[in-house]
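Novice:
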Amino acid sequence: MQTNVSALNGKLILVTGAARRIGKMLARAAARAGADVIIHYGTSKAQADETKEEIASLGRKAWMIQADLSKADEAANLIFQANKIGTLYALINNAAIFEPLTMQETKLSAWERHLAVNLTAPFLLSQAFAKQLSSSAPAALSSSSIIGRIVNILDWRALKPGADHFPYTISKAALAAMTKSLAVSLAPTISVNGLALGAILPPSGKPVSADFLKSIPAGRWSQPEELEEALIFLLAGPGYVTGEIIHLDGGRHLI
Ligand SMILES: NC(=O)c1ccc[n+]([C@@H]2O[C@H](COP(=O)([O-])OP(=O)(O)OC[C@H]3O[C@@H](n4cnc5c(N)ncnc54)[C@H](OP(=O)(O)O)[C@@H]3O)[C@@H](O)[C@H]2O)c1
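Position one of the sequence shown corresponds to residue 9 (the numbering used here), numbered consecutively onward.
1) Could you pull the DSSP bridge partners for Gln74 from this structure?
2) Looking only at its own chain, which residues have a Cβ that is under 8 Å from the Cβ of Leu127, when we skip the five neighbours before and after it?
3) Could you have a look at His255 and say whether DSSP puts it in helix, strand or coil?
4) Pick out whichever of Thr250, Gln231 and Leu167 has its Cα sitting closest to the Cα of Arg260.
5) Any heavy atom of ligand 1 closer than 8 Å to the Cβ of Asp172?
6) With the cut-off set at 9 Å, would you say Leu190 and Ser143 are in Cβ contact?
7) Counting Cβ pairs, one atom from each stretch, are 3 or more of them under 8 Å apart for the segment 107 to 114 and the segment 72 to 83?
8) Using the DSSP secondary-structure output, state which residues sit across from Arg157 in a beta bridge.
9) Just reading off the beta strand (DSSP E) that Ile224 is part of, what are its end residues?
10) Helix, strand or coil for Pro22? Go by DSSP, reduced to three states.
11) Pick out whichever of Trp229, Arg40, Ala27 and Arg68 has its Cα sitting closest to the Cα of Lys53.
12) With DSSP as the reference, please indicate the residues paired to Leu162 in a beta bridge.
13) Which residues bound the alpha helix (DSSP H) around Tyr176?
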């Protein structure tokens, strides 16, 4: 499938953690489909600059906003900052931390860190996102058409929690539950869906074991275009799809 280059024309989209890696891929995908993009970053300013340049080279507008999403006040304020640029059509909750901790190794500080970035920040962002739509387009809220979309980036582990990456997995499982609760809370004007990823990019700086692909029924890594197509479906496809979690994981959550 080719991305429809006008599917998101004129729409403003905020991607958290968009400076690098998957967040950058998502930001580029939205821009390729016609969106203007707000690149949120935490610490990766130089990479955010590069992402901004890439989006500009696609003929779309891009802005950068810094916020530490482990801090509730900064997370809550991010949509307010974004609204100085314009009214958002979509929020993509991508930023996350992923630490290889077992239950036994998980200290309270690590637990709280994972929940703050991976769950509390998406909650505060979603709440503020819904509020900006109700204050910017109150008339549209009384209709039954979709005026906003939220996509939560999940993990195959979210619906198949195991013992590895304990606080990360629990935070993503809770985010999957929140995706469904938000879909009901924000219907009929905002759709809320999850994209549960599998092997998209290896963790930075960590070697992947030789038999890793045996854990994936598809037997391979995802192609970047597959991530792009899945995202654009959730951003520009049927607004009647809400509370859905699409697995882009080659079947990994099934075995
Ligand atoms: N990689 C995969 O194959 C894979 C598989 C399954 C699920 N996922 C999901 O896909 C998403 C992206 O994965 P990734 O591999 O690209 O992650 P990553 O390389 O670890 O990048 C994490 C992103 O989150 C941001 N971030 C982390 N803590 C932050 C904080 N306190 N404040 C603000 N921003 C913060 C970082 O921003 P800065 O660098 O600017 O600080 C960075 O852009 C995550 O939700 C992850 O769970 C990825």
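Quick reminder that beta carbons are idealized off the backbone N, C-alpha and C, glycines included.
Specialist: In short, the structure shows the following:
1) Within the sequence shown, residue 74 is the residue found at index 66, counting from 1. Looking at the DSSP assignment, Gln74 forms a beta bridge with Tyr49.
2) The count along the sequence shown starts at 1 and reaches residue 127 at position 119. The answer, listed in chain order, is Ser179, Ala182, Leu183 and Met186.
3) Taking the first residue of the sequence shown as 1, we reach residue 255 at position 247. Residue state, collapsed to three classes: strand.
4) On the sequence shown, residue 260 is found 252 positions in, with the first residue counted as 1. Comparing Cα-Cα distances from Arg260 to each of Thr250, Gln231 and Leu167, the minimum goes to Leu167.
5) Taking the sequence shown and counting its residues from 1, the one referred to as residue 172 is at position 164. No, since every heavy atom of ligand 1 falls outside the 8 Å radius drawn around the Cβ of Asp172.
6) Within the sequence shown, the letter at position 182 stands for residue 190. Within the sequence shown, the letter at position 135 stands for residue 143. For the 9 Å CB-CB criterion, Leu190 and Ser143 do not form a contact.
7) no
8) Start at 1 with the first residue of the sequence shown, and residue 157 comes out as number 149. DSSP, once it has assigned bridges, lists Ala98 and Ser199 as partnering Arg157.
9) The residue labelled residue 224 in the question sits at position 216 within the sequence shown. Secondary structure note for Ile224: it is in no beta strand (DSSP E), with a DSSP letter that is neither H nor E.
10) The residue you call residue 22 lines up with position 14 of the sequence shown. According to the sequence provided, residue 22 is Leu. The question's Pro does not apply to it. In this structure, Leu22 counts as strand in the three-state DSSP scheme.
11) Reading the sequence shown from its first residue, position 45 is the one you call residue 53. The shortest C-alpha separation from Lys53 is found at Ala27.
12) Taking the sequence shown and counting its residues from 1, the one referred to as residue 162 is at position 154. Answer by DSSP bridge pairing, in chain order: Ala204.
13) Against the sequence shown, residue 176 aligns to sequence position 168. Its alpha helix (DSSP H) spans residues Phe174 to Leu194.
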